[in-house]
Amino acid sequence: MEDTHRSQYRLPWPLYDELKAAAEKNRRPLNAELVARLESTFPQLTVSADADLPTLHSTISKMSLAELMTPAEITMFAERMLGIVQQARGTGKPPR
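Going letter by letter, the sequence shown gives residues 1 to 96 in the working numbering.
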């Protein structure tokens, strides 16, 4: 396994527990779960700067929200959207 860097990292127990639960849910080893999550934070775009619009659209449409945003950004986005919906229904405060 020359293309693999062996390492040892320290994780807070709550984060480890969440990672372990996610690995079990996704039916993969803990290491595979960690690698998948890290890889999702470094998306590999296959579109060149001079690509045509249909190619760009096709590539972007295949990307997940997790490839575009951090978990904190996704949460903030979801909260903002919920605020907009609640405001439109007249049941909530205006969004921040």
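Glycine included, every Cβ here is placed at the ideal spot set by N, Cα and C.
Please classify residue i: is it buried, with 16 or more other beta-carbons within 10 angstroms of its beta-carbon, or exposed?
i	result
Glu-24	exposed
Glu-2	exposed
Glu-33	buried
With a threshold of 8 Å on Cβ separation, who are the neighbours of residue i within its own chain once the five nearest residues in sequence on each side are excluded?
i	result
Ser-64	Ser-40
Ile-100	Any answer about residue 100 is impossible in this case: the structure gives the chain only from 1 up to 96.
Closest to residue i by C-alpha separation, out of the options, would be which residue?
i	options	result
Arg-6	Glu-18, Val-35, Ala-88 and Lys-20	Val-35
Leu-15	Leu-30, Thr-4 and Ser-58	Leu-30
Could you pull out every residue in the same chain whose Cβ sits closer than 6 Å to the Cβ of residue i, ignoring the five residues on either side in sequence?
i	result
Asp-50	none
Ala-22	Glu-33
At 4 residues or longer, what runs of the alpha helix (DSSP H) sit wholly inside the stretch 32 to 77? Counting only runs of 4 or more, we get 53 to 61 and 65 to 68.
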